[in-house]
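Novice:
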Amino acid sequence: MRETHGSTVPRRQLGRLLTQLRESAHVSIDAAAGELDCSRQKLWRIERGLTSAKTPDVRMLCELYQATPDQARVLLGLAEVSRAEGWWHAHGSSVPSWFSLYVGLENAASGIRHYNAELVPGLLQTPGYATALFRHNRPELGEEERKRAVGFRLQRQGLLARRLPPAPELTVILSEAVLRRPVPGRAVMADQLRHLLAVGERHNITVRVLPLAAGPPLAAEAGTFVLLDFPLSALGAPTEPPTVYVEGLTGALYLDQPAEIAAYERVWSGLDSLALAEGQSAELIDAIRGECYE
Numbered sequence: 001m002r003e004t005h006g007s008t009v010p011r012r013q014l015g016r017l018l019t020q021l022r023e024s025a026h027v028s029i030d031a032a033a034g035e036l037d038c039s040r041q042k043l044w045r046i047e048r049g050l051t052s053a054k055t056p057d058v059r060m061l062c063e064l065y066q067a068t069p070d071q072a073r074v075l076l077g078l079a080e081v082s083r084a085e086g087w088w089h090a091h092g093s094s095v096p097s098w099f100s101l102y103v104g105l106e107n108a109a110s111g112i113r114h115y116n117a118e119l120v121p122g123l124l125q126t127p128g129y130a131t132a133l134f135r136h137n138r139p140e141l142g143e144e145e146r147k148r149a150v151g152f153r154l155q156r157q158g159l160l161a162r163r164l165p166p167a168p169e170l171t172v173i174l175s176e177a178v179l180r181r182p183v184p185g186r187a188v189m190a191d192q193l194r195h196l197l198a199v200g201e202r203h204n205i206t207v208r209v210l211p212l213a214a215g216p217p218l219a220a221e222a223g224t225f226v227l228l229d230f231p232l233s234a235l236g237a238p239t240e241p242p243t244v245y246v247e248g249l250t251g252a253l254y255l256d257q258p259a260e261i262a263a264y265e266r267v268w269s270g271l272d273s274l275a276l277a278e279g280q281s282a283e284l285i286d287a288i289r290g291e292c293y294e
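With UniProt numbering applied, the sequence shown covers 1 to 294.
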């Protein structure tokens, strides 16, 4: 299986390094934007890793911030790499622009922890389940658009079986309500629960259930979220800071400040303490499948 590359991580690294250089040079973001003859918002988006930077702009910023030759070489290299499109861009409008950033991070992650109180996460959905969701929640989509959206969701799942770079460790905690909330078609839901049992046996995938009897967890206030961890560099430091992804109806939050990460780590710790063990979770999934859908 070929390697999976994405433009998000180098873009974010470039933005972070540019910010550090600018602050070290005591140059305000407004002054730097003036030198680039661009808006403050554009430079802010570059520094946050939300948009790519053109090589001439990066070269000009290196001069403005008095970067060393080695620093400039690294920054220009990141600028070039960050403009390469990831595979998900081929899906066009079926992938919202605000979600593209997440897909790049997901592809670079070494660990993905996902809590969901409403639905089976996209990385573990069957074609039937994903199609039923799009038909129910996005009725305005035409048949071809819906097929593209489902195809994109299924293609994302390839990262869980890739060889290079190593597939991430995925840990999913689902509310029991997710298993009991049927999508249209009993057979579709039965197949989805069988799929959860099958993928839960893979070495890099853990599926656990938060029983209704456990009561409302701390996550009831946090809602559905994803915690992303990244591999270590040759120097032993994470290639990217841990990131929390929280998705909304029309956009998403990307949280990476230490206090934000600590808050969600506390929520995850609470979920971890309340969720059933893997074996017990599998037994409950199978029991609900037989009781409700077959």
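Note that beta-carbon positions come from the ideal geometry of N, C-alpha and C, so glycine has one too.
From 294, 19, 40, pick the residue whose C-alpha is nearest to that of residue 190; which is it?
Specialist: 294
Novice: By Cβ distance, which residues of its chain are closer than 8 angstroms to residue 192, with the 5 residues on each side in sequence left out?
Specialist: 120, 125, 126, 128, 129, 183
Novice: In whole angstroms, give me the CA-to-CA distance for residue 224 and residue 115.
Specialist: 6 angstroms
Novice: Please determine, among 198, 286, 117, the residue with the shortest C-alpha to C-alpha distance to residue 215.
Specialist: Of the candidates 198, 286, 117, the one whose C-alpha sits nearest the C-alpha of residue 215 is 117.
Novice: Going by beta-carbon coordinates alone, are residue 141 and residue 134 separated by less than 8 angstroms?
Specialist: Cβ distance < 8 angstroms, so residue 141 and residue 134 count as in contact.
Novice: Residues in the same chain with beta-carbon distance under 7 angstroms from residue 48, minus the five sequence neighbours each way, listed in chain order, please.
Specialist: 15
Novice: Since residue 176 and residue 12 should fall inside the 8 angstroms C-beta cutoff, what is the C-beta to C-beta distance between them, to a whole number of angstroms?
Specialist: The Cβ separation is near 36 angstroms, so there is no contact.
Novice: Does the Cβ-Cβ distance between residue 75 and residue 17 come in under 8 angstroms?
Specialist: yes
Novice: Of the residues 243, 155, 164, which one's Cα is nearest the Cα of residue 113?
Specialist: 243
Novice: My parser needs the beta strand (DSSP E) runs of 3 or more residues fully inside the segment 185-266; what are they?
Specialist: 205-210, 225-229, 243-247, 252-255
Novice: Using 8 angstroms as the cut-off, can you tell me whether the segment 166-173 makes contact with the segment 247-256, which would need three or more C-beta pairs spanning the two stretches below that distance?
Specialist: no
Novice: Below 8 angstroms, how does it come out for the segment 194-201 and the segment 281-292: are there three or more Cβ pairs, yes or no?
Specialist: Output reads yes: the segment 281-292 touches the segment 194-201.
Novice: Terminal residues of the continuous alpha helix (DSSP H) containing residue 158?
Specialist: Residue 158: not part of any alpha helix (DSSP H); DSSP gives it neither H nor E.
Novice: Is DSSP giving residue 48 helix, strand or coil here?
Specialist: coil
Novice: At what residues does the beta strand (DSSP E) containing residue 171 begin and finish?
Specialist: 169-175
Novice: Quick one, which of 58, 162, 145, 57 has its alpha-carbon nearest residue 107's?
Specialist: 162
Novice: Report back the beta-carbon spacing between residue 132 and residue 188 to the nearest angstrom; my notes put them in contact at under 8 angstroms.
Specialist: 5 angstroms
Novice: So what's residue 113 in DSSP terms, helix, strand or just coil?
Specialist: Under the three-state reduction of DSSP output, residue 113 falls in the strand class.
Novice: Can you tell me the Cα-Cα spacing of residue 219 and residue 259, whole angstroms?
Specialist: Looking at the two C-alpha atoms, the distance is approximately 17 angstroms.
Novice: Rounded to whole angstroms, what's the CA-CA distance from residue 80 to residue 51? Just pull it up for me.
Specialist: 13 angstroms
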